[in-house]
Amino acid sequence: MFTHMPIALSGFDLQKELNQSATEKLRRAVDELTTETDAEKFFDNPDISWANAMLNSAEQDLRELPGNPNYPNSLLLFLQRNRRLTLIHPSFFDSMPDLQFLDISDTKIRIVPSSLFKLSKLKVLLLRNCVCLDNLPREIGRLNQLEALDLSGTELYDIPDEIGQLGLLRSMQLSFYGPDVGSEYEHLPSQLVSPNFLSELKEMQALSISVHPEDHRWTEIVACIINDVSKLG
């Protein structure tokens with residue numbers, strides 16, 4: 001059983017503390033970004049031909065993505081719900097320098113390909129419910145244009161400190177793995193996330209953290225996180 005933190009954080013109303021209208025607007029924009037009109041509104045660039053810039057390979061029963069496909073004009077890439085997708089070649093994103101939106105949710109990838117962290121213009125990264133993914137590389141800090149990061153349902157062992165380098169981040173959803181058997185903690189990282197990881201994320205408007213309710217690693221840092229949340233917005 002897991003505790004979902006945006007509703008109540010040890011008696012602290014996170015949703016109220018942040019700008020609620022901004023939170024709802026941003027979440028809705030990301031969740032509904034599936035058409036050309038939605039894309040144009042979210043990225044606020046009417047000069048782009050979104051029909052040519054969107055590549056939709058969602059729900060195609062893909063199992064593996066090869067290296068370096070030729071999609072240089074892609075701005076939005078949908079790969080979600082390829083539930084048997086286990087491997088994305090390390091160089092897959094090398095020829096997509098302008099990519100701004102990427103959804104790899106509901107896949108079985110175990111590793112985030114290294115070329116993803118070269119996407120210097122990426123604004124939205126969705127990795128929801130990737131049940132085989134338990135690690136986020138430190139290179140996540142290179143995505144300095146990222147505004148929305150969603151890892152809800154993807155139970156990571158921990159989050160690297162470099163997450164604090166994403167200074168433009170406005171929306172973030174995190175989920176952490178927590179064992180039911182106490183002895184398993186011996187094989188897990190000593191902390192879920194740096195206690196002050198929010199201190200540099202000045203643009204944050206929407207935050208969700210899901211943890212095991214009895215995870216002592218969370219109780220050790222929750223006071224620091226509440227304090228940083230109170231300073232946001």
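Numbering follows the UniProt record's numbering, with no gaps: position 44 of the sequence shown is 44.
Glycine included, each C-beta is placed from N, C-alpha and C at the ideal position.
The structure displayed is predicted, hence computed values, not measured ones.
Under 8 Å between C-beta atoms of residue i and residue j
i, j, result
"Leu-232", "Ser-210", "no"
"Leu-99", "Leu-122", "yes"
"Met-54", "Leu-76", "yes"
"Ser-199", "Asp-161", "no"
"Leu-149", "Leu-169", "yes"
"Lys-108", "Arg-128", "no"
"Arg-63", "Leu-85", "yes"
"Leu-192", "Arg-217", "yes"
"Leu-146", "Phe-176", "no"
"Phe-117", "Leu-133", "no"
Continuous beta strand (DSSP E) stretch holding residue i: start and end
i, result
"Ile-209", "206 to 211"
"Ala-148", "148 to 156"
"Gln-173", "171 to 176"
"Val-112", "That residue, Val-112, is in no beta strand (DSSP E); it is neither H nor E in DSSP."
"Asn-56", "54 to 56"
Residue i burial status per 10 Å Cβ neighbour count (16 or more: buried)
i, result
"Asp-103", "buried"
"Ile-111", "exposed"
"Ala-223", "exposed"
"Ser-21", "Residue confidence is low: Ser-21 scores 46 on pLDDT, short of 50, so the model does not pin down where it sits. Its coordinate-derived value is still stated next. By the 10 Å Cβ count, Ser-21 comes out exposed."
"Gln-205", "buried"
"Gly-182", "exposed"
"Cys-130", "buried"
"Val-167", "The question names Val, but residue 167 is Gly in the sequence shown. Gly-167 should be labelled exposed."
"Thr-23", "In this predicted model, Thr-23 has a pLDDT of only 42, less than 50, meaning its place in the structure is not dependable enough to derive any value."
"Asp-180", "exposed"
"Thr-219", "exposed"
Endpoints, the alpha helix (DSSP H) within which residue i is located
i, result
"Asn-227", "222 to 229"
"Arg-217", "216 to 219"
Distance between beta carbons of residue j and residue i, contact taken as under 8 Å
i, j, result
"Phe-197", "Ile-159", "7 Å"
"Ile-226", "Pro-195", "That belief does not hold up - the Cβ atoms of Ile-226 and Pro-195 are roughly 11 Å apart, past 8 Å."
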